[in-house]
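Student: Numbered according to the working numbering, the sequence shown spans residues 153 to 640.
For every residue, glycine included, the Cβ atom is placed at its ideal position computed from N, Cα and C.
If you scroll down you'll find the structure; I have some questions about it.
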Amino acid sequence: MLNTLITHELRTIVLSPKFSLTFAVTSLLMLLSVAVGIAQYHDAVRQYETTTALTQQEMREARGWMSLNNTVLRAPDPMQIFVAGVNDDIGRISAVNSFRGIKLTHSTYSDDPVYAVFRFIDMAFIVSVVFSLLALLFTYDAVNGEAERGTLQLIFSNAVPRARYILGKFIGAWLGLIVPLCIPFMLSALLLIVWSVPMSPDHWLRLLTLYGTSILYVTVFIAAGILLSTATKRSSTSFLYSLVSWVCLVFIVPRAGATIAGQIVVIPTVAEVEAERDAFAKDRWARYEETLQTTWRSRNAPIESMTREDREAYREQHMWEWMEEDDRNRKQVQKDIDAFALSANEQQRNRKAEQERLAFALSRFSPASAYHLAAVNLAGTDITLKARYEDALNIYRPLFTAYKDKKQKESGGMGGIRIEVNTDTGVKIDTGREKGVLDISDMPRFEQPQRSFRDAAVPAMIDIGLLGFFSFAAFAGAFVRFLRYDVR
Numbered sequence: 153m154l155n156t157l158i159t160h161e162l163r164t165i166v167l168s169p170k171f172s173l174t175f176a177v178t179s180l181l182m183l184l185s186v187a188v189g190i191a192q193y194h195d196a197v198r199q200y201e202t203t204t205a206l207t208q209q210e211m212r213e214a215r216g217w218m219s220l221n222n223t224v225l226r227a228p229d230p231m232q233i234f235v236a237g238v239n240d241d242i243g244r245i246s247a248v249n250s251f252r253g254i255k256l257t258h259s260t261y262s263d264d265p266v267y268a269v270f271r272f273i274d275m276a277f278i279v280s281v282v283f284s285l286l287a288l289l290f291t292y293d294a295v296n297g298e299a300e301r302g303t304l305q306l307i308f309s310n311a312v313p314r315a316r317y318i319l320g321k322f323i324g325a326w327l328g329l330i331v332p333l334c335i336p337f338m339l340s341a342l343l344l345i346v347w348s349v350p351m352s353p354d355h356w357l358r359l360l361t362l363y364g365t366s367i368l369y370v371t372v373f374i375a376a377g378i379l380l381s382t383a384t385k386r387s388s389t390s391f392l393y394s395l396v397s398w399v400c401l402v403f404i405v406p407r408a409g410a411t412i413a414g415q416i417v418v419i420p421t422v423a424e425v426e427a428e429r430d431a432f433a434k435d436r437w438a439r440y441e442e443t444l445q446t447t448w449r450s451r452n453a454p455i456e457s458m459t460r461e462d463r464e465a466y467r468e469q470h471m472w473e474w475m476e477e478d479d480r481n482r483k484q485v486q487k488d489i490d491a492f493a494l495s496a497n498e499q500q501r502n503r504k505a506e507q508e509r510l511a512f513a514l515s516r517f518s519p520a521s522a523y524h525l526a527a528v529n530l531a532g533t534d535i536t537l538k539a540r541y542e543d544a545l546n547i548y549r550p551l552f553t554a555y556k557d558k559k560q561k562e563s564g565g566m567g568g569i570r571i572e573v574n575t576d577t578g579v580k581i582d583t584g585r586e587k588g589v590l591d592i593s594d595m596p597r598f599e600q601p602q603r604s605f606r607d608a609a610v611p612a613m614i615d616i617g618l619l620g621f622f623s624f625a626a627f628a629g630a631f632v633r634f635l636r637y638d639v640r
């Protein structure tokens, strides 16, 4: 009997006039989205490789070790093809030197504002919006529609248990909607192979988990549609309730959660943090200059009563020691400024994290939010993407600075133009270019932060669990409602 009920529901969905059209359109939309994502990924890879090569060339052709500056780019990830997340919103490039703090700039949307106006429609968006709506459109009249047509009373004229009927409805609707959904999923994976997208085993595991999460998300709305069809007697009423519920769960609740969290937890703006950082830097350099003037006055005090020759001899004897001391003090000032900047950024990040946790907690009442959070975590394009790269850059920056200082000392100069006067050879002007290009083969390289399958799956588990709970709760509600449903 259960097989008969499943077959009946499956035939009702598949033979529906709207099924073929909606399946073809949504499948084409998903495949086009993946194809566009692959093209954008290859463009990003070419831009990354070209810019990296130009940066390496500029460093080799630098005037000297003192003027050596590095620029690090954020490497594209294949998972951004399916879930864009914040990938296009945050910067892709950061300068690495001893004078400026780490800051990612030049995001896709800042460089090409047209993409910000017409945002990229990725697979996660299609599943979240389009497939959830289709699930409701095919199930909102699963029970009350049959009651209106008279088939429900005919079915229960036989000895059919209500529990078996509602289970057959759910399984039949699930097979009728999920199996066709798997076809564009498989074709999308095939496009990755055809267009030579470099996917590691971790990438494939994350993609398969993303597919499974998408299926679980659509299951929530299948069960919700059946629940609404058992909660109302008329299909027109359940259709209206379905649309209102879909708008609230997919659009209103996620944004309301973020808005409420922003009002409860207030964080300082970027401009305020930068102004505080600049004020500290100006004050610290002013105190350094004041201390430097005092130090030089104390250094010059012993030589005021000396002859000119004695003063020059005294200065030559102590000049290198003084320069090293001044250099240490200057570096200490820069360290203090960097430490203050890191502390200010850390405080702002902690406040942001508190606001984000509250926003996510409130928005997770929506299955769409739970699915989106799980998807961006699995893809690695979640809200922590910027922090992961900036943390890695802050680890790399001291390594690069130490390498630069070491090479500068080994070269025996501070860079720039050096003038040497010799009685035998005359005047020699050295601009630092006579030695040829700089040898940076032993320079420490920035290692892109890697995200394993475990790193991506663990934070997504809570949202995947919520989707499972929503599915179970909706089906349980439909089951309980149908036990008291009037089949006449």
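Measuring alpha carbon to alpha carbon, tell me which of F277, N222 and A268 ends up nearest I242.
Tutor: That would be A268, whose Cα lies nearest to the Cα of I242.
Student: Taking M351 as the reference, which of V528, F634, A630 and I233 has the closest Cα?
Tutor: It is I233 whose Cα lies nearest to the Cα of M351.
Student: How many Å lie between P353 and M231 at the Cα?
Tutor: Near 12 Å, if we compare the C-alpha coordinates of M231 and P353.
Student: Starting from the Cα of A299, find the closest Cα among A609, G617 and R386 and give me that residue.
Tutor: Closest by alpha carbon: R386.
Student: Within the same chain, show all residues whose beta-carbon is closer than 7 Å to that of E586, passing over the 5 residues directly before and after it, in chain order.
Tutor: Below a pLDDT of 50, predicted positions are generally treated as unreliable, and E586, at 45, falls in that range; the measurement from the model is reported next regardless. Once the five neighbours on either side are set aside, E586 has no close Cβ partner at all.
Student: Let's test the definition: count the other Cβ atoms within 10 Å of the Cβ of D490 and tell me whether it reaches 16, buried, or not, exposed.
Tutor: So D490 counts as buried.
Student: Looking only at its chain, what residues have a beta carbon closer than 6 Å to the beta carbon of L288, apart from the 5 residues adjacent to it on each side?
Tutor: Within the same chain, L288 has close Cβ partners F373, G377, S394 and W398.
Student: Helix, strand or coil for I335? Go by DSSP, reduced to three states.
Tutor: Helix, per DSSP.
Student: Can T533 and N481 be called in contact, C-beta distance under 9 Å?
Tutor: In this structure, N481 does not lie closer than 9 Å to T533 by Cβ.
Student: If you drop the 5 nearest sequence neighbours on each side, which residues of the same chain put their C-beta closer than 7 Å to that of Q648?
Tutor: Outside the shown range of the chain (153 to 640) lies residue 648, about which nothing can therefore be said.
Student: When you compare each of V485, R451, V632 and T365 to L619 by their alpha carbons, which one comes out closest?
Tutor: The residue with the shortest Cα to Cα distance from L619 is T365.
Student: Might you give, ordered along the chain, the residues of its own chain that have their beta carbon closer than 8 Å to the beta carbon of S259, omitting 5 neighbours on each side?
Tutor: If we look at S259 and ignore the five residues flanking it on each side, its Cβ neighbours are D240, D241, I242, G243 and R244.
Student: Residue range of the beta strand (DSSP E) that L401 falls in?
Tutor: Element bounds for L401: n/a, residue is neither H nor E.
Student: Flag this pair as touching only if the region 155 to 165 and the region 324 to 333 have three or more C-beta atom pairs under 8 Å; answer yes or no.
Tutor: These segments touch.
Student: Which same chain residues end up closer than 6 Å to K170 when comparing Cβ atoms and leaving out the 5 residues on each side of it in sequence?
Tutor: The answer is none, since no qualifying residue turns up.
Student: I need the DSSP call for L167, collapsed to helix, strand or coil.
Tutor: Three-state result, L167: coil.
Student: CB L380 to CB Y292, shorter than 9 Å?
Tutor: Cβ atoms of L380 and Y292: closer than 9 Å.
Student: Span of the alpha helix (DSSP H) holding L380?
Tutor: Looking at the DSSP string, the run of the alpha helix (DSSP H) that includes L380 is P353 to A383.
Student: Assuming L545 and G320 form a contact by the criterion Cβ under 8 Å, report the distance between their Cβ atoms to the nearest whole angstrom.
Tutor: Not confirmed; about 56 Å, so no contact.
Student: Would you mind reading off the limits of the beta strand (DSSP E) that contains L225?
Tutor: N222 to L225 is the extent of the beta strand (DSSP E) around L225.
Student: Any idea which residues DSSP pairs T257 with across the strands?
Tutor: Paired residues: I245.
Student: Mind the definition here: the region 276 to 285 touches the region 523 to 539 only if three or more C-beta pairs lie below 8 Å; say whether that holds.
Tutor: Taking 8 Å as the limit for Cβ pairs, the verdict is that the region 523 to 539 does touch the region 276 to 285.
Student: For P611, tell me which candidate among R358, R636 and Q445 has the shortest Cα-Cα distance.
Tutor: Comparing Cα positions, the closest option is R358.
Student: Below 8 Å on the Cβ atoms is my guess for L109 versus M211; work out the distance and round it to an integer in Å.
Tutor: The question about residue 109 has no answer here: the residues shown for the chain are numbered 153 through 640.
Student: Going along the chain, which residues of its own chain have a beta-carbon closer than 7 Å to the beta-carbon of W437, five neighbours each way excluded?
Tutor: Cβ neighbours of W437 beyond the five flanking positions: V485.
Student: Looking only at its own chain, which residues have a Cβ that is under 7 Å from the Cβ of R549, when we skip the five neighbours before and after it?
Tutor: These residues qualify, in order along the chain: V248 and I254.
Student: So, helix, strand or coil for L590, using DSSP?
Tutor: L590 falls in the coil class under three-state DSSP.
Student: Excluding sequence positions up to five away, which residues of its chain have a Cβ less than 8 Å from the Cβ of Y317?
Tutor: The answer, listed in chain order, is L157, I307, F308 and F634.
Student: For L285, which residues from the same chain have a beta carbon less than 7 Å from its beta carbon, with the 5 sequence-adjacent residues on both sides left out?
Tutor: Once the five neighbours on either side are set aside, the close Cβ partners of L285 are W398.
Student: Between Y193 and T203, what straight-line distance do the alpha-carbon atoms span, to the nearest angstrom?
Tutor: Roughly 15 Å separates the two Cα atoms.
Student: Rounded to the nearest angstrom, what separates M338 and T361 at their Cα positions?
Tutor: Distance between the alpha carbons of M338 and T361 is about 13 Å.
Student: When the Cα atoms are used, what is the spatial distance from A375 to A630?
Tutor: Answer to the nearest angstrom: the Cα atoms are 7 Å apart.
Student: Measuring straight from C-alpha to C-alpha, what distance separates G584 and G216?
Tutor: Summary for G584: the model assigns pLDDT 49, below 50, so the residue's position carries little reliability, and this model does not support an answer.
Student: Give the secondary structure of R480 by DSSP, where H, G and I count as helix, E and B as strand, and everything else as coil.
Tutor: Reduced to three states, the DSSP call for R480 is helix.
Student: Whole angstroms are fine: how far does the CA of F627 sit from the CA of R540?
Tutor: R540 and F627: Cα-Cα distance of roughly 39 Å.
Student: Count the other C-beta atoms from every protein chain shown that fall within 10 angstroms of the C-beta of M275, then say buried if there are 16 or more, exposed otherwise.
Tutor: Classification for M275: buried.
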